[in-house]
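Trainee: Right, I'll just put the structure down here and ask away after.
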Amino acid sequence: MMANNNKLGFDESVGVTRWTMNVIGLWTLDERRDLQTRFRSLLPAFLILFFIVIPQTRKATLAHDDLNLMLEILTTADIIEGICLLKIFGLWYNKADLKKLVIQISEDWTHTNNDEQGIMWSNARLSKFVCLFCISSSSGSVLTHAIVFLVTNVGANETRSLFLISQFPFNTQHSPVYEIVCFCQFAGALLSTFIFSSFDGFFVFSILHFSSQLSNLNIRIRSLTEKTSGDKCQFVESLKSVVKHHQHLISYTDIIEYNFNKIFLVQIFATSIVLCLQGYQFVMIISESGTKLLTSLIFILVFTTGNVLSLFMYCYIAEIIRNESQRLLRAVYEMKWYTLPAKDSCLLLIVMCRLKMPVEITVGKFAPFSLEYFASASSAFDEEYFYPQK
């Protein structure tokens, strides 16, 4: 019964991300090297690169005299799909490190008691909710665009528009070339949502899992003096076990930091560019009139909201593990050190010195993700676009 409950907890935590990563053939525990698995991992990158990024970049280059068209291409998919290629490369290149994280998470679920699993289950449910929201909202936007595209292009007798504004080196207006190109663009856009959800979902469930481990360690620290009262040797051994476990958790959070921070840096930089371009588009659109005004404004609003929510998610999840690591310092500080021998109390000072450095996930080592970082970034964006200085 215990083993079954442990498996359910692990599945609750990683289940959604495992599914999305299996779709793109990059689940870390999948050791198969058959043709089907290789095809599933190469297909998304192929479709995104040759049916979205290269054709859109070519179209943007040819449309250099039309600033509005250029901005529409860059902000619709071109830059975002470029980030998507970077993320799928990161998942593939760092597969060995990500596998270590998943194995450790599985072992943690196996070797924990019922009291410790209470916190782990809470974070597992949060992981599942966030991952489901990511995949449903992103894939939903692509499906909505596909429905609008089909409705507006049914029975069109003039030049038929592609699913995404692109320029191919061949004529795409004749059937079945037109249908094949549109389907490949749709498939590439849909698979890109699985790539984003896989990358972000892996970050979410791994951070939340190790946050729960830090929370359980906090409980162990607070009960240390009570469980070892009057036994000096037992206290030292228990403290040694706590320190080793803390170092163990730090080593895994360092793996997360190392494998994610550089890609986050590129994403934040690219997102900043996209938001700037969208700000310019917003100003241009409200100065015009026409039937396209409302749909364009809705698109910009939804797109900007999605980018802001993505940044908020990174900051919120990173804030959780940062707060849990800082709570460890408070737990050691509040221990009944005065009941211990002076020599043992000095050991707590050494532990506190280490705990002063919280666990942080950074944007390329430049700044830590936190709610404070999100607030400062949002404030800067508001001042720039909604309350510009005269």
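Letter 32 of the sequence shown, counting from 1, is numbered 17 in my numbering, and no numbers are missing.
We treat Cβ as the ideally placed atom computed from N, Cα and C, and that holds for glycine.
Exposed or buried, which one is Leu49 when buried takes at least 16 other CB atoms within 10 Å?
Mentor: One detail in the question is off: residue 49 reads as His in this sequence, not Leu. When all chains shown are included, His49 counts as exposed.
Trainee: Helix, strand or coil for Ile33, going by three-state DSSP, please let me know.
Mentor: helix
Trainee: Using the Cα positions of Val162 and Asp93, report the straight-line distance between them to the nearest angstrom.
Mentor: Spanning the two alpha carbons is a distance of roughly 52 angstroms.
Trainee: Just reading off the alpha helix (DSSP H) that Thr95 is part of, what are its end residues?
Mentor: Lys80 to Thr95
Trainee: What is the DSSP secondary structure of Thr144, counted as helix, strand or coil?
Mentor: Shown here, Thr144 sits in coil according to DSSP, grouped into three states, outside any helix or strand.
Trainee: For Leu147, which residues in the same chain have their Cβ closer than 7 angstroms to its Cβ, ignoring the five residues on either side in sequence?
Mentor: Thr157, Val166, Cys167 and Gln170
Trainee: Taking buried to mean at least 16 other C-beta atoms within 10 Å of its own C-beta, is Cys331 buried or exposed?
Mentor: exposed
Trainee: Here's a check: name, in chain order, each residue in its chain whose Cβ is nearer than 6 angstroms to the Cβ of Gln311, leaving out the five neighbours to either side.
Mentor: Pro343
Trainee: Since Leu76 contacts Phe184 with CB under 8 angstroms, what's their CB separation in whole angstroms?
Mentor: The C-beta distance from Leu76 to Phe184 rounds to 6 angstroms, short enough to fall under 8 angstroms.
Trainee: Which residues bound the alpha helix (DSSP H) around Tyr163?
Mentor: Val162 to Arg207
Trainee: Using alpha carbons as the reference points, say which of Lys225, Pro353, Glu319 and Thr289 lies closest to Asn246.
Mentor: Pro353
Trainee: Can you have a look at Ile302 and say buried or exposed, based on whether 16 or more other CB atoms are within 10 angstroms of its CB?
Mentor: Burial call: buried.
Trainee: Only counting the same chain, and skipping five residues up and downstream in sequence, which positions put a Cβ closer than 7 angstroms to that of Lys85?
Mentor: Ile240
Trainee: Exposed or buried, which one is His96 when buried takes at least 16 other CB atoms within 10 Å?
Mentor: Exposed, by the Cβ-count rule.
Trainee: Am I right that Gly(-6) and Ala172 are in contact with their C-beta atoms under 8 angstroms? What's the rounded C-beta distance?
Mentor: Contact doesn't hold; Cβ gap of about 34 angstroms is too wide.
Trainee: What does the alpha-carbon distance come out to for the pair Ile271 and Met55?
Mentor: 18 angstroms
Trainee: Report yes if the C-beta distance between Phe220 and Phe297 is below 7 angstroms; otherwise report no.
Mentor: no
Trainee: Whole-angstrom Cβ separation of Glu304 and Asn201, contact assumed at under 8 angstroms?
Mentor: The Cβ separation is near 19 angstroms, so there is no contact.
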